[in-house]
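Participant:
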Amino acid sequence: MLQVKLDSMKTFLPLPYEDALAPRLKQAQNWLKTATGKGSDYVGWVNLPENYDKEEFTRIQAAAKRIQSDSQALVVIGIGGSYLGARGVIECLRSPNYNLLKKDTPNIYFVGNGLSAEAMGEVMDLVQDVDFSVNVISKSGTTTEPAVAFRFFREMLEKKYGEEGAAKRIYATTDKARGALKSLADAKGYETFVVPDDVGGRYSVLTAVGLLPIAVAGIDIEALMAGAQEMHGICQQDSYANPAWVYAATRYELYRRCGKKVEILACYEPSFRFMTEWWKQLYGESEGKEGKGLFPASVEFTADLHSMGQYIQEGERILMETVVRFGPSAREYPVPYDETDGDGLNFLAGKPLDFVLQQAMDGTYLAHVEGGVPNLVIQCGKKDERTLGGLIYFFEYACGLSGYLLGVNPFDQPGVEAYKKNMFALLGKPGYEAMGDALRAKLQG
Ligand code: PA5
429 MLQVKLDSMK TFLPLPYEDA LAPRLKQAQN WLKTATGKGS DYVGWVNLPE NYDKEEFTRI
489 QAAAKRIQSD SQALVVIGIG GSYLGARGVI ECLRSPNYNL LKKDTPNIYF VGNGLSAEAM
549 GEVMDLVQDV DFSVNVISKS GTTTEPAVAF RFFREMLEKK YGEEGAAKRI YATTDKARGA
609 LKSLADAKGY ETFVVPDDVG GRYSVLTAVG LLPIAVAGID IEALMAGAQE MHGICQQDSY
669 ANPAWVYAAT RYELYRRCGK KVEILACYEP SFRFMTEWWK QLYGESEGKE GKGLFPASVE
729 FTADLHSMGQ YIQEGERILM ETVVRFGPSA REYPVPYDET DGDGLNFLAG KPLDFVLQQA
789 MDGTYLAHVE GGVPNLVIQC GKKDERTLGG LIYFFEYACG LSGYLLGVNP FDQPGVEAYK
849 KNMFALLGKP GYEAMGDALR AKLQG
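Numbering (the working numbering), first residue to last: 429 to 873.
1. Within the chosen definition, does the region 582 to 602 reach the region 518 to 535 through at least 3 CB pairs nearer than 8 Å?
2. With distance defined between alpha-carbon atoms, name the residue in Glu742, Asp498, Phe729, His796 nearest to Gly593.
3. Going along the chain, which unbroken runs of the beta strand (DSSP E) with 3 or more residues stay wholly within the region 560 to 631?
4. Indicate the three-state DSSP secondary structure (helix, strand or coil) for Glu691 in the structure shown.
5. What does the Cβ neighbour count give for Glu744, buried or exposed, with the cut at 16 atoms within 10 Å?
6. Report yes or no: do the region 646 to 659 and the region 804 to 820 share at least 3 C-beta pairs separated by less than 8 Å?
7. Quick one: does the C-beta of Pro802 sit closer than 8 Å to a heavy atom of the ligand PA5?
8. Mind checking whether Phe839 and Asp469 have CB atoms under 9 Å apart?
9. Just to check, is the beta-carbon of Pro574 closer than 8 Å to a non-hydrogen atom of the ligand PA5?
10. May I ask which residues mark the beginning and end of the beta strand (DSSP E) holding Ser726?
11. Does the Cβ-Cβ distance between Lys824 and Leu747 come in under 9 Å?
12. In angstroms with no decimal places, state the Cα-to-Cα distance between Gly465 and Trp473.
13. Looking at Ala456: is its Cβ nearer than 9 Å to the Cβ of Leu804?
14. Spatial neighbours of Thr730 within its chain, please: CB distance less than 6 Å, with the 5 preceding and 5 following residues excluded, ordered by chain position.
15. Using the C-alpha atoms, what's the distance from Phe581 back to Trp706?
16. Can you tell me whether DSSP reads Gln807 as helix, strand or coil?
17. Which same chain residues end up closer than 6 Å to Gly638 when comparing Cβ atoms and leaving out the 5 residues on each side of it in sequence?
18. Three-state secondary structure (DSSP) at Ala463?
19. Where does the unbroken beta strand (DSSP E) through Ile505 begin, and where does it stop?
20. Where does Leu634 fall in DSSP's three states?
21. Below 8 Å on the Cβ atoms is my guess for Leu693 versus Thr704; work out the distance and round it to an integer in Å.
22. Using DSSP with H/G/I as helix, E/B as strand and the rest coil, what is Pro764?
23. Just checking Gly881 against the ligand PA5 - is the residue's beta carbon closer than 8 Å to any of the ligand's heavy atoms?
24. Look at Ala595 and Leu609 and say whether their C-beta atoms are less than 9 Å apart.
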């Protein structure tokens, strides 16, 4: 289904490390399976592909159908783990130009993932004259960015459809029992979906958090879950037959022994861009703590070979590269013959574009390895629901293992609070007044 290829690793990791790491991986795996390691309250995602709530899954499918039938647009409000996975899957499986496609599913707009008035206002203009629904996603219900955006879009809906009509168009994905959003949803009668207690934001794409917007986009969420389920089975193996072991062990050794500080995730499909954003949060938030962790970065090839290629090839040798490759495209585009051959490309005439891409991938691989950048290749099958479900679960599982190898809690994010406290203090939130004065004095020098 998915293979992690390590052909270049002999050069970078000549000493055997697999046997030495195996007991630690076994231990890490056991912590994940038995929920006994650091952050054990948040490992509900491990068995999710088997244990997900089937009744809720059916409700998600029904809600998606309803939105498809009564709305020309869906506004998805969320940030971080309550945003990136859905956008990643929709762009990867439908298109980054999804809203421009001829289709029988609603346009989907993402807001509440920042505080830009420009960005939010643009979406307000775009949905102003169409029938739309809102899916507000927030586990805590109090995250500033989505909560502020929700005020605006709720007001728009209520003006357009009245309070009762709006309530039928608002779908809230939040905690099952607690929080501001849950209370509001109950009071107003919104349909609600659950972010399970034991699943953190960045591991939540295969819950209602990701599944509702993904289903609205017309993506087969059963096949997505089936792919995750298959990978869940594969990841049960206590050995290097488990691709998550291979990935976790190799990146850990490159970090620990070879001075690699940055991992770039590369893909040759532009539609994968938001999956790399999702991956960056997953690994950055899970591992970047206690002064440790590879910095997760991303590139889109071949475009970025013309911008970042120089640094990758010859800049500071702190990089390792993980390349996600998909199987051949269903689109066969032979390069056209040109009588004048002004660009000298007639030697490619008749060759499919995919063939050209393949040579670019292989050529880049060889060049980067030669330049001192270890390359791991994650070879996937066809870019479809099943493959992506498997890839998502693979990255999540490997991330859990990898965090434990590093010795950190892969399921908390204490560092995220620092900016929030400062922002609240500067905004004058009650209870933060003294802190606000101190911060303003600091800013004035
Ligand atoms: O992974 C995480 O925990 C974060 O990215 C959260 O998902 C993000 O901050 C949004 O939080 P909430 O869903 O509570 O609004």
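Where a beta carbon is used, it is the ideal one built from N, C-alpha and C, also for glycine.
Facilitator: By the coordinates alone:
1. no
2. As a working note, residue 593 is residue 165 in the sequence shown. The residue with the shortest Cα to Cα distance from Gly593 is Asp498.
3. 560 to 565, 598 to 602, 619 to 622
4. Mapped onto the sequence shown, residue 691 falls at position 263. Note: Glu691 maps to strand in three-state DSSP.
5. Reading the sequence shown from its first residue, position 316 is the one you call residue 744. Exposed is the call here.
6. yes
7. The residue given as residue 802 occupies position 374 in the sequence shown. Every heavy atom of the ligand PA5 is 8 Å or more from the Cβ of Pro802, so no.
8. Here residue 839 is taken as the residue at index 411 of the sequence shown, counted from 1. Here residue 469 is taken as the residue at index 41 of the sequence shown, counted from 1. Yes. Within cutoff.
9. Residue mapping note: residue 574 aligns to position 146 of the sequence shown, counting from 1. Yes; taking the cut-off as 8 Å, the Cβ of Pro574 has a heavy atom of the ligand PA5 nearer than that.
10. Mapped onto the sequence shown, residue 726 falls at position 298. Unbroken beta strand (DSSP E) run through Ser726: 723 to 728.
11. For the purposes of this step, residue 824 is identified with residue 396 of the sequence shown, where counting begins at 1. For the purposes of this step, residue 747 is identified with residue 319 of the sequence shown, where counting begins at 1. Going by the sequence as given, residue 824 is Glu instead of Lys. No, the pair does not count as a contact, with Cβ atoms beyond the cut-off.
12. To locate residue 465, count along the sequence shown from 1; it is residue 37. To locate residue 473, count along the sequence shown from 1; it is residue 45. In a straight line, the C-alpha of Gly465 is about 14 Å away from that of Trp473.
13. Walking along the sequence shown from the start, residue 456 turns up at place 28. Walking along the sequence shown from the start, residue 804 turns up at place 376. No, the pair does not count as a contact, with Cβ atoms beyond the cut-off.
14. For the purposes of this step, residue 730 is taken as residue 302 along the sequence shown, with counting starting at 1. Once the five neighbours on either side are set aside, the close Cβ partners of Thr730 are Ala788.
15. Counting from 1 along the sequence shown, the entry for residue 706 is found at position 278. Counting from 1 along the sequence shown, the entry for residue 581 is found at position 153. Cα to Cα, the separation comes out at about 25 Å.
16. Walking along the sequence shown from the start, residue 807 turns up at place 379. If DSSP states are grouped into helix, strand and coil, Gln807 belongs with the strands.
17. For the purposes of this step, residue 638 is identified with residue 210 of the sequence shown, where counting begins at 1. Around Gly638: Gly513, Ala514.
18. As a working note, residue 463 is residue 35 in the sequence shown. Collapsing the DSSP output to three states places Ala463 in coil.
19. Indexing the sequence shown from 1 puts residue 505 at position 77. Element bounds for Ile505: 501 to 505.
20. Mapped onto the sequence shown, residue 634 falls at position 206. Coil, per DSSP.
21. What you label residue 693 is simply residue 265 of the sequence shown in a count that begins at 1. What you label residue 704 is simply residue 276 of the sequence shown in a count that begins at 1. Their Cβ separation, rounded to whole angstroms, is 5 Å, which keeps Leu693 and Thr704 in contact under 8 Å.
22. By 1-based counting over the sequence shown, the position of residue 764 is 336. Residue state for Pro764 is assigned as coil, using DSSP reduced to three classes.
23. What the structure shows of the chain is the stretch from 429 to 873, and residue 881 is not part of that stretch, so it cannot be assessed.
24. Your numbering for residue 595 matches position 167 in the sequence shown. Your numbering for residue 609 matches position 181 in the sequence shown. Contact: no.
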